[in-house]
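Data first, discussion second: the structure below is written as structure tokens.
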């Protein structure tokens, strides 16, 4: 039997580790990255693809290891323009459960199949074949991927249909982020009551509440090392995905918002690329010295807008334009404007999960004035938007704003 040919798109820390592990086990691996082949990777037996088209031609199973939803959306959007007959695309990125689902019709029309398989663990665990995988997809697609994922993992969970793997990964991230927030608050409480930090950590690390993930990073909290296992910026990115998805399906996540605020505060204090446990250390150091404990800016508590757009309808540019308009007008009052890919002709605008515009219900798309008035009515009803009327009048008269 011919070996399964593997293509890997995205050769950062995780993609590179998968490529090396799979090639070392005798599988033919072809890699492609926008930034080019990492130094030394070809020495591990990994072939470089000149472009995505050649990678598709030389692969049976294509693994994605990308940064965020926008990257996955762009790459899969390109792949679905190729002939994908008998190709299986497996996304290992930590992204919204809705991202791959939006592309399923186009990928299947091109002859391909989709699986989501986000990873639990870092590059070192992939290299050792010990990472965890949460897999969502049809049973036959899971079975086809199984011989490959067994090279990378000894913790393989097929949790359901396409997108369910991503949901399971978000649940895992929620537990981990909440643990660090709880540890921070527990140590702040104990410290305020007069307990020694090292003694508190010794007690907690031997308690039923401790976990291997916590124990491995306690030296960071104690200031004994500044080694980085997973950065603060990575936690912020992952928990932001949780926040967006929770808002879309209308689930309250107060604990995650508190955790996100703490990690955002650590990033704003200059520790975005420090180990995630640095967040706890900074909070404790601030309490001991009397300095203000790093917290996120007020933007964390400001209203958040999400724009859900249909990827098949080519509405990304429209959604991006609306986001830019809102940030220019309400930037001082908004936490963030997020774009979420969807399917089936959907176009929705929500503020903290509350629907304020729906294309089918409201009859098309809002113009700049109507868009801003809808948002103003929710976040600041007393705000004067008279300049919008003046802008419209000048435009109709042939003037410029």
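Numbering (this note's numbering), first residue to last: 728 to 1128.
Note that beta-carbon positions come from the ideal geometry of N, C-alpha and C, so glycine has one too.
Predicted model only: the values in this text are computed from it and were never measured.
Margin query: What residue range does the alpha helix (DSSP H) around residue 774 cover?
Written below: Residue 774 -> not in any alpha helix (DSSP H); beta strand (DSSP E) instead, spanning 773-775.
Next item on the list: Would you check if there are 3 or more beta carbon pairs closer than 8 Å linking the stretch 987-997 to the stretch 1034-1046?
Entry: no
Note to self: With a threshold of 8 Å, are at least 3 pairs of Cβ atoms found where one atom belongs to the stretch 783-798 and the other to the stretch 935-946?
What the structure shows: no
Next item on the list: Let me know if residue 882 comes out buried or exposed under the rule of 16 or more other beta-carbons within 10 Å of its beta-carbon.
Entry: exposed
Check: What does residue 892 pair with, by DSSP beta-bridge criteria?
Finding: Answer is none; residue 892 lacks a bridge partner.
Checklist line | Pairwise C-alpha distance: residue 919 and residue 1059 | finding: 35 Å
Next item on the list: Assuming residue 791 and residue 736 form a contact by the criterion Cβ under 8 Å, report the distance between their Cβ atoms to the nearest whole angstrom.
Entry: Yes, they are in contact, since the Cβ atoms of residue 791 and residue 736 sit about 5 Å apart, within 8 Å.
Notebook entry, point to check: Once you ignore the five residues that flank residue 1050 on each side, which residues in its own chain have a CB closer than 7 Å to its CB?
Noted result: 1034, 1064 and 1066
Checklist line | Within 8 Å, strictly: CB atoms of residue 809 and residue 834 | finding: no
Check: When the Cα of residue 807 is compared with those of 838, 1055, 860 and 933, which residue comes out closest?
Finding: 838
Item checked: Option in 981, 1054, 1038 and 1079 with minimal Cα separation from residue 1072 -> 1038
Note to self: Assuming contact is defined by CB atoms lying nearer than 8 Å, are residue 822 and residue 904 in contact in what I supplied?
What the structure shows: no
Next item on the list: Please determine, among 970, 993 and 975, the residue with the shortest C-alpha to C-alpha distance to residue 982.
Entry: 970
Margin query: In the DSSP output, what is residue 989 paired with across the bridge?
Written below: Residue 989 is not bridged to any residue.
Note to self: By the DSSP assignment, the alpha helix (DSSP H) with residue 1102 in it spans what residues?
What the structure shows: Where residue 1102 is concerned, the enclosing alpha helix (DSSP H) starts and stops at 1095-1106.
Next item on the list: For residue 1025, count neighbouring C-beta atoms within 10 Å of its own C-beta (all shown protein chains included) and say buried if the count is 16 or more, exposed if not.
Entry: At residue 1025 the pLDDT is 44, less than 50, meaning the model places this residue with poor confidence and gives no usable figure here.
Checklist line | residue 840 versus residue 967: straight-line alpha-carbon distance, rounded | finding: 28 Å
Notebook entry, point to check: What do you reckon, are the CB atoms on residue 952 and residue 946 nearer than 8 Å?
Noted result: yes
Notebook entry, point to check: Hey, would you say residue 1002 sits closer than 8 Å to residue 955, going by beta carbons?
Noted result: yes
Checklist line | Straight-line gap, residue 1030 to residue 1101 (C-alpha atoms, nearest Å) | finding: 14 Å
Checklist line | Collapsed DSSP secondary structure at residue 824 in the structure displayed | finding: helix
Item checked: DSSP beta-bridge partners of residue 757 -> 734 and 774
Notebook entry, point to check: So, is residue 948 buried or exposed, given that buried needs 16 or more other C-beta atoms within 10 angstroms?
Noted result: Looking at its Cβ environment, which holds 16 or more other Cβ atoms inside 10 Å, residue 948 is buried.
Check: How about residue 884 and residue 861: are their beta carbons less than 8 Å apart?
Finding: yes
Item checked: Of the residues 914, 917 and 965, the one placed nearest residue 900, counting alpha carbons only -> 965
Checklist line | Bounding residues of the alpha helix (DSSP H) (the contiguous stretch that carries residue 805) | finding: 796-806
Item checked: Per-residue DSSP class, three states only, for residue 1023 -> For residue 1023, the predicted structure reports a pLDDT of 47, less than 50, and the residue's modelled location is therefore unreliable. A value from the coordinates is still provided. Annotated three-state conformation of residue 1023 is coil, per DSSP.
Note to self: So the candidates are 1008, 936 and 732; which of them puts its Cα closest to the Cα of residue 753?
What the structure shows: It is 732 whose Cα lies nearest to the Cα of residue 753.
Notebook entry, point to check: How about residue 1086 and residue 1011: do their beta carbons lie closer than 8 Å?
Noted result: no
Notebook entry, point to check: Taking just the CA atoms, how far does residue 980 sit from residue 973?
Noted result: 7 Å
Note to self: Which same chain residues end up closer than 8 Å to residue 730 when comparing Cβ atoms and leaving out the 5 residues on each side of it in sequence?
What the structure shows: 753, 754 and 755
Note to self: With a threshold of 6 Å on Cβ separation, who are the neighbours of residue 746 within its own chain once the five nearest residues in sequence on each side are excluded?
What the structure shows: 735, 756, 758 and 773
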